[in-house]
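Remarks on the structure that follows.
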Amino acid sequence: MSTGVVQPTDRGDLPVEAPLEEASSTPPRWYALVWGNRKARVGIVLLGFFVLVAVLAPVIAPYDGARTDFEALLPPSGAHPLGTTTQGGDIFSQLVYGSRTSLLVGLFGGLFATAIALVVGLVSGYKEGTVVDDLLSFVTNVALVVPVLPLMIVLVAYSDVRGLPLLVFVIGITSWAGHARAKRSQIITLRNRDFVTAAKFSGESTFRIVFREIMPSMTSLVAAGFVGAATGAIGAEAGLSFLGLGDPSSISWGTMLYQANAQGAVAQGLWIWVLVPGLTLALLITSLTFINFGVDLLSNPHLREE
Amino acid sequence: MALLEVRDLSVRYEPRLHRPLTAVDRVSFDVGEGEFVGLIGESGSGKSTLGTALLRLTERPGRISGGSIRFDGKDITDLPEDELRAHRWRDIATVFQSSMNSLNPVVRIEGQFRDAIEAHTDLRGAAVTGRVRELFEMVMIDPRFISAHPHELSGGMKQRVNLALALANRPRFVLLDEPTTGLDVVVQRSILDNIRRLQQEQQFAVLFISHDIGTVVDLSDRILVMYAGRLVESHAAQGLLRDPLHPYSKGLLGSYADPREETIRITYVPGRPPDLTQVQHGCAFAARCPERIALCGEQAPELEPIDDGLAACHVARLQRTGNPDGLDLPPRTVGFAGPEFVKTQEETARVLDREPFLRVEAVSRVFERRHGLRRSRVEAVTDVSFGLRPGEVTALVGQSGSGKTTLARMITAVERPTAGRIRFQPEDGPEVAVESLRGKGLRDYRRQVQMVFQDPYSSLNPTKTLEYALTRPLRNFRGMTAAQAREEAGRLLERVALTPSSRFLGRYPYELSGGQRQRVVIARALAAQPRLIVADEPVSSLDVSIRAEVLELLQSLVHDSGVGVLYITHDLLSARMIADEVLVLNGGRVVEQGPALQVIRDPADDYTRSLLAAVPNPFADTLVP
């Protein structure tokens, strides 16, 4: 007899390999997980509402948001649901059109900051301990300690053209550092897994290992980072616009607040003009924060049972 | 009345987003005063869930859904936490599965004992220190470690401290949940001997949970076998060895053998355990059982007395207590009538006179570490020489810290030796100096040398399908197009017996059992058509019931393809099963080298002897036909 496997011969019906059952315990899909969380559901509905308003702005708003040829300081009425401003703009229409700016800045600012954070964080983490990591970590650390608001103000104030792309750019390059840090520490825990070594032995390039093998394992962190960055971008845009550094040709909730403040709306008792943009801004940021509760469930299964 | 009486205990997991499952299903057993009871089963059988439930530590989403636990006559199933506290650690103590981490890292050892002792006794001050000293002597640790922090202790010492801590208040019942998993064989042996000796001296009852049947049989008076959440057999240890009742017990026992035998046979249980979220019809083991009859698929057997034990098996019951309906039964066996892996002595000699393709010549590796101003040198590997031949399996045996992993890292060119040479002879072209490879040379070398990892659960990317895992090396190393690679990936899967491959290509690793995953890892290693496969403990994290399956596959691949395998392990039995040549490493030096059977039968070195003595040997005084 030689070495090898012996199959018993007396019973031919032996299950050598039990049949593979259909996968029965598929992990829940990510959208089911996020939707399963009550806070996240509230956030998604709320955000969906804002997106709908932004997309359908021309349908919903009674007038173009840029029009200022109405009678000034009209009280709320059928023609002007929230009244008019001191310059004769319709507050409701401005509010509806303003949602577009906030959402666009949130989307692109978030994407831009996440992209920088991903590249810097993943590369420096994967190359931990090398010169590349030293350099990228140094840049990250500098970006972390630079006072962000003054930097943004300086960047915007000295630019020739003001507009949305500038805002997105400034917000992006001032807010990536924290997220890059988080991704760097995450990849350090992942890069010593056996499957990464296995990928090296499969002849994969470093680029593929980082972005194709490792990154999918940190999707939830990337998603949470994006939602956080978008929230920050929306707040930053409102802040810059409130300081008068926004895009003068477009309407945003920040510019509405800026004008309300400049015209002394509070002193004149024009509460609606101040309150409404502030409130919608707060609601939008709340909705994103709620969504992040749901995204947290993706990365931390222990939270799912709460 | 028994000390611990468990009746119809069920534990259900009801997660919000998954289907609920019954992890422990109507389990009943007793543990008598001073009895040493072993509980075995493969991973996922519910043994740890059962242990946790006995301690009333079940956490959401799990809950005790039925039955009762009585301790010393008192029902503790629904006892409020405050009343439980009086019993915990005084009557019922435990050594946890992850006890390497269960000591508080910021509190000195003595403080942790003091907490446990002062909470339940009147001892205070110096009296407590005296008691701790006594406990330390009991588990054979130098008392000067009393005031140490946990990080100053080695893994084995931590485990002894945990054991001492469990015994601090002279409990009547101790639950040991895989207390030595992750420790070295030699350390493991001494801890288990310690446990058994203390148990005999102090007469506490033990429930010892383990997946390692060798150690359980060695230690226990009585053994419970669990499968798919149910108890399938309860039998005195000697009775189980002599005449196991349930086919699953036979399968577990069959996965064990004495490495000193001339011809070794180990069986494996094919397939995987049932999905507990599905409703079971009939016996849960039927799908994997070589002895099943029609009745097994229809009616679930109950645990009932058969001969001198208890078992839940129709076939065993009908065979032994009469067959009134005259059903057609398989012949009565002691062994598992499933697939078997047999290792004989013949081939080795034939292989050993081939010319080596990889030569390790006087290789050393020194690590230098700086602690503040001091520098320390650690010699991980010192002056090691050997050769690897095509079609040969060389086992590198040693406990952790013996330098076997460092040696493997140098051979795979992950690390460079500080002295010595490693020479690799490719099939065509000039000899390669492995120790000085970089860039393209390194990439070409990686194609020739592939790895199989210890843990198949972490060596396959959980986010990628099997097709992705297998086609990448094909496309990178063999320049195949996507379609060619897919076809070849299918062939590779067939080669490692995952058939039909079309059903596996699109699957994700979580859909496979541990044994199947390890086969995929082996298939990926083969994809590059290497000359050498370095297998680092490829079976130690797998259930015993499927180890033979993977060893058998490796063995047949070596046979068919002529690839050389460097098999790294601390387990002499598996080394004996698969290796032609064995190298025993201790403290970075080769202390013994030779044909596998010769090294294992006539060890020349003391260290090899101590390794062999540490192998649990339940068959030492029982003759299994």
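Chains V and D, in that order, give the protein sequences.
Each number in the numbering used here corresponds to the 1-based position in the first sequence with 408 added.
Each number in the numbering used here corresponds to the 1-based position in the second sequence with 2 added.
Glycine included, every Cβ here is placed at the ideal spot set by N, Cα and C.
Since this is a predicted model, take the numbers as computed values, not measurements.
Looking at the structure shown, is V:H587 part of a helix, part of a strand, or coil, going by DSSP? helix
Exposed or buried, which one is V:T411 when buried takes at least 16 other CB atoms within 10 Å? Since pLDDT at V:T411 reaches only 48, below the 50 mark, its modelled position is unreliable, and the value read off the structure follows with that caveat. Under this definition V:T411 is a buried residue.
I'd like the list of long-range same chain contacts for V:L665, defined as Cβ closer than 6 Å, with 5 residues on each side in sequence excluded. Cβ within range, chain order: F650 and P685.
In this structure, does DSSP put D:G393 in helix, strand or coil? coil
Would you mind giving the Cβ-Cβ distance between D:G311 and D:S236, rounded to the nearest angstrom? I have them listed as a contact below 8 Å. Confirmed, about 6 Å.
Buried or exposed: which applies to D:H153, given that a residue is buried once 16 or more other Cβ atoms fall within 10 Å of its Cβ? exposed
Let's see if you can read the secondary structure: which residues bound the alpha helix (DSSP H) around D:Q153? Position check: residue 153 of chain D holds His in this sequence, whereas Gln was assumed. Careful: D:H153 lies outside any alpha helix (DSSP H) and carries neither H nor E.
Can you check whether the CB of D:I580 is closer than 8 Å to the CB of D:L553? The answer is yes: Cβ separation under 8 Å.
Within this structure, are the beta carbons of V:S657 and V:G506 separated by less than 8 Å? no
Looking at the C-beta of D:R474, does it have a partner C-beta in chain V at a distance below 8 Å? yes
Segment contact, 8 Å Cβ cut-off, at least three pairs: the segment 261-269 of chain D with the segment 334-348 of chain D: yes
Tell me the rounded alpha-carbon separation between V:N549 and V:G533. 14 Å
Closer than 9 Å, Cβ to Cβ, to anything on chain D: give me those residues from the segment 458-483 of chain V, in chain order. none
If the cut-off is 7 Å on Cβ atoms, which residues from the segment 435-462 of chain D count as contacting chain V, listed in chain order? Flagged, chain order: R445, R448, R449, Q452, M453, F455, D457, S460, S461 and L462.
In whole angstroms, what separates the C-alpha of V:V540 from that of V:S613? Roughly 17 Å between the two C-alpha positions.
Taking DSSP as the reference, what is the three-state secondary structure of D:Q600? helix
CB-CB under 6 Å to D:R162, same chain, minus the five flanking residues each way: which ones, in chain order? V141 and I143
Identify the residues that DSSP records as bridge partners of D:R267: which are they? D:V344
Comparing C-alpha positions only, which one of V:G611, V:G529, V:S628 and V:P558 sits nearest to D:N642? The requested residue 642 of chain D does not occur in the structure, where chain D is confined to residues 3 to 627.
At the level of alpha carbons, what is the spacing between D:R334 and D:H213? 26 Å
Going by CA-CA distance only, name the one from V:G486, V:V463 and V:V459 that's closest to V:P470. V:G486
How about D:R391: is its Cβ closer than 7 Å to a heavy atom in the ligand MG? In the structure on display, the ligand MG does not appear, and there are no ligands present to speak of.
Have a look at D:P392 and D:A484 and give me their C-alpha separation to the nearest angstrom. 31 Å
Cβ-Cβ separation, D:V29 to D:L209 (assumed contact under 8 Å), whole Å: D:L209 to D:V29, Cβ: 12 Å. No contact.
In chain V, which residues lie less than 9 Å from D:T183 when you measure between Cβ atoms? Those within 9 Å of D:T183 in chain V number zero; the least Cβ separation is about 19 Å.
Using a Cβ cut-off of 8 Å (strictly closer), state whether D:N164 contacts chain V. no
When you check each C-beta in the segment 592-607 of chain V against every C-beta of chain D, which residues fall closer than 8 Å? From the segment 592-607 of chain V, only R601, D602, F603, T605, A606 and A607 have a Cβ closer than 8 Å to chain D.
Just checking: is the beta-carbon of V:P489 within a distance shorter than 8 Å of some beta-carbon in chain D? no
D:N588 lies in the beta strand (DSSP E); which residues open and close that run? E583 to N588
Starting from D:Y250, trace the alpha helix (DSSP H) in both directions and tell me its first and last residue. P249 to G256
Please tell me whether D:E112 and D:V134 are closer than 8 Å, where the distance is taken between their beta carbons. yes
The segment 367-379 of chain D: positions lying closer than 7 Å to chain C by Cβ: Annotation note: the requested chain C is absent from the structure, which comprises protein chains V and D.
For the putative contact between D:C298 and D:A314, defined by C-beta atoms under 8 Å, what is the C-beta separation to the nearest angstrom? Contact flag wrong, Cβ pair sits at about 11 Å.
Note down, in chain order, each residue of its chain lying with its Cβ closer than 7 Å to the Cβ of D:F369, except the 5 sequence neighbours on either side. V380 and A382
Are the beta-carbon atoms belonging to D:A230 and D:L278 less than 8 Å from one another? Cβ distance < 8 Å, so D:A230 and D:L278 count as in contact.
DSSP three-state call for D:L233: helix, strand or coil? strand
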